[in-house]
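As structure tokens, the structure follows; a few thoughts come after it.
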Amino acid sequence: MALSPFIFGCRGPSLGVQERRFFTKVQPFGFILFSRNLGTPAQIRQLCADLRAAVGWHAPVMIDQEGGRVSRLGAPHWFEFPPALDQAAAPQSERLFWLRGRLIAENLRSCGIDSNCAPLGDIAQADTHAVLKNRCYGSSLSAVVTHARALHQGLRHGGVSGVLKHIPGHGRATLDSHLDLPRVPEDRSRLERHDFEAFRQLNMIDMGMTAHLVFEDLDPTHPATQSTAMIGIIRKHIGFSGLLMTDDISMEALSGPLDLRAQKALAAGCDIVLHCNGQMDQMQLLAESTEELTGPSQMRVAQVLAQRPDAQPVDIQQVKAEFDALLGEFR
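With this note's numbering applied, the sequence shown has no gaps in its numbers, which climb one by one up to 354 at the end.
Structure below.
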């Protein structure tokens, strides 16, 4: 099965004829859903089934369901959660993050979604941009690692694969990378002891997402997503051997035509390009300019697919009751 190195979005709540034909031809590694795609549980299950039918296999379907502000699924059909940084201050925070992961997984699996763009390994700083800050799992190395590991274990207990983000660390960004290119001036030794160390301790997670920001002491020219030096640090110093995808390739932190952005990311060492907006002309441009997955990237894909977790049985109402009780004690 020859796959192309993409995760693509689609435009609406159902799959159009042109989209279906395109996905059948291009064979992306997977798909990502956003609010524009989501209605009822039954509708989402049908969309997931149609996406997989288009490619002819059980391709990964993922979502950004962090809980808190970044939640594509919400009431009345799905559980809701406080911002992660608030939850991190609770006395039994590690258990709460496991419960959070398990509850999120239950919601996703019930809709046919099997991968989640979480946990976050970014460490909140005093000046972390507001687009990220309260999504972080703590303001210390130990808190972030403990909480990220617990949430990831909860996801996998519920049969959902996690995506560790934003490697090698987005916590020092003072700009929103959706709109601008953040630059980090800290020296390498500080980054290795702190920011990168969080991801090193989480490097067993089998999928990861890069950060669109420049680390001036390491590569002052290229965003980490497109930097051979930074991908080398991710692979060697951080020791991340899993499947590495870009953050959304259409974000304004990156410059130049989309096809060149993708080519630079793949040449730097990313395995997969994430393209989220579902615009057909952009997806066609990307597909036409890129070869199919081969070599180490193909092997990492095979490893991720072989390690997909099965959901373990649990009384989900009991899980929800425990989560609410522990959170209620804190509040």
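Cβ coordinates follow ideal geometry from the N, Cα and C atoms, glycine included. What you are looking at is a predicted structure, and each value in this text was computed from that prediction instead of being measured.
Distance between Ile67 and Arg216, taken at the CA atoms: about 42 angstroms. Beta-bridge partners of Gly161 (DSSP): none assigned. Residue range 187-190 is occupied by the beta strand (DSSP E) that includes Ile190, with no alpha helix (DSSP H) assigned at that position.
Residue burial is scored here from C-beta neighbours: His180 has at least 16 other C-beta atoms within 10 angstroms and is therefore classed as buried.
In the structure shown, the three-state DSSP call for Ile228 is coil. A check of alpha carbon separations from Gly32 across Ile55, Arg44, Gln50, Glu42 identifies Ile55 as the nearest. Using a Cβ-Cβ distance cut-off of 8 angstroms, the segment 175-191 and the segment 124-135 are in contact, since at least three pairs of beta carbons, one from each stretch, lie closer than that value. Take Gly35, set aside five residues on each side of it, and the residues of its chain with a beta-carbon closer than 7 angstroms to its own are Arg59, Asn60, in chain order. If you draw a straight line from the Cα of Gly124 to the Cα of Met85, it is about 15 angstroms long.
In this model, Met230 and Phe353 are separated by some 32 angstroms (Cα to Cα). Look at Ile272 here: in three-state DSSP terms it is coil, with no helix or strand label. Distance check between Gly301 and each of Pro191, Ile272, Ala290 places Ile272 closest, using alpha-carbon atoms only. Taking 8 angstroms as the upper bound for CB-CB distance, Ser138 and Ser184 are in contact here, some 5 angstroms apart. The DSSP-derived three-state label of Leu56 is strand. Here Gly194 carries a coil assignment [DSSP, helix/strand/coil].
For Val186 against Cys140, the beta-carbon gap comes to about 5 angstroms, under 8 angstroms, which counts as contact.
Under DSSP, Ser133 shares a beta bridge with no residue.
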